[in-house]
Amino acid sequence: MNGMIFAAGLGTRLAPLTDTKPKALVELNGKPLIEYAIEQFAKGGVTTLVINVHHFAQQIIDYVNANANKWPEMTIKISDEQDFLLDTGGGLVKALNLFPDDKPIVVGNADVFCNVPIDWFYNLHVKSGRSATLLTRTRNSTRQLLFDKDGRLSGWRNKTTGEERLPRINSVETLALHESAFCGFHVIDQGLIRFWLPVRKFSIIDAYLSVAADDNIGQVNLPYDYYWFDIGTPEKLKTAQDYCDKQHSK
């Protein structure tokens with residue numbers, strides 16, 4: 328199974344913690360965030376894992392080299408974006424030639440702390456026949472994805488500004504769409520990634536919306552018995568740490 332972890336972001340919202348290290352190496356419960364992510368992908372059966380790097384890139388490279396023996400069944404490769412940060416879509420396109428086969432890629436973020444089973448998510452995508460499957464959850468967020476009754480991506484809404492993008496507006500009724508927030512995990516077929524060549528900077532959500540009218544981009548809702556935390560700010564890091572402390576005290 329192929330996997331990719333986005334770890335190239337600047338982590339500006341996590342400052343001052345990211346003033347001297349990448350967000351992927353910020354610690355939660357005494358362990359770097361990226362270690363949780365790698366463990367999750369290894370447990371889920373990923374055998375080739377690509378990690379993209381940019382901000383304090385060498386620190387992540389050194390960490391991977393020093394700890395690779397913890398995951399002997401997994402080959403970890405680095406997609407180097409030190410020269411130019413490519414955003415999530417561009418990062419996927421740049422990393423494409425690092426995968427050994429044409430099988431779908433499970434993608435996650437180093438700053439998302441979640442215990443969704445990677446193999447369960449991957450298998451749901453394969454069975455669906457979709458071009459891509461996004462992990463979502465009904466939660467408060469200013470930016471919401473819009474799906475039809477069959478769980479097909481049909482639009483995007485900014486609830487603060489009122490801005491909407493509705494690429495499938497001619498084929499669905501807007502009022503029938505439901506909102507779900509993206510959880511940072513998705514599985515994508517490599518054929519769709521190749522459609523977005525050449526390598527350039529772009530957002531993966533923008534890319535999904537650009538093809539939503541023609542491609543079947545779907546959702547899987549994260550069951551509420553799994554935890555999910557966006558470690559985007561020091562306050563959110565504390566919320567995740569409080570959760571860990573509570574679990575350990577039981």
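Residue numbers (the working numbering): 328 to 577. Ideal placement from N, C-alpha and C gives every residue a C-beta, glycine not left out. All values derive from a computational prediction rather than experimental measurement.
{"Query": "Per-residue burial, R466 [other beta carbons within 10 Å of its own, 16 or more giving buried]", "Result": "exposed"}
{"Query": "S481 versus Q409 - alpha carbon distance", "Result": "34 Å"}
{"Query": "Through-space distance from L462 to F368, alpha-carbon basis", "Result": "15 Å"}
{"Query": "Beta strand (DSSP E) segments (min. 3 residues) lying fully within the region 407-473", "Result": "432-436, 439-441, 459-464"}
{"Query": "Collapsed DSSP secondary structure at V538 in the structure displayed", "Result": "helix"}
{"Query": "Per-residue DSSP class, three states only, for F333", "Result": "strand"}
{"Query": "Chain-order list of residues whose beta-carbon lies under 8 Å from that of Y363 (same chain, five-residue window excluded)", "Result": "L355, F440"}
{"Query": "Chain-order list of residues whose beta-carbon lies under 6 Å from that of G511 (same chain, five-residue window excluded)", "Result": "N436, V439"}
{"Query": "Where W555 falls, given that 16 or more other Cβ within 10 Å makes a residue buried", "Result": "buried"}
{"Query": "Per-residue DSSP class, three states only, for S530", "Result": "coil"}
{"Query": "Where the alpha helix (DSSP H) containing N392 begins and where it ends", "Result": "384-394"}
{"Query": "Where the alpha helix (DSSP H) through A508 begins and ends", "Result": "Looking at the DSSP string, A508 is not in any alpha helix (DSSP H); the run it does join, the beta strand (DSSP E), is 505-515."}
{"Query": "Cα-Cα separation between K565 and I515, rounded to whole angstroms", "Result": "32 Å"}
{"Query": "Bridge partner(s) assigned by DSSP for K487", "Result": "A small fix is needed here, since residue 487 is Thr in this sequence, not Lys. According to DSSP, T487 bridges with nothing at all."}
{"Query": "CB contact flag (V526, K421, <8 Å)", "Result": "yes"}
{"Query": "Buried versus exposed, by CB contacts within 10 Å (16 or more), H513", "Result": "buried"}
{"Query": "Contacting residues, own chain, Cβ-Cβ under 7 Å from D569 (five flanking each side not counted)", "Result": "none"}
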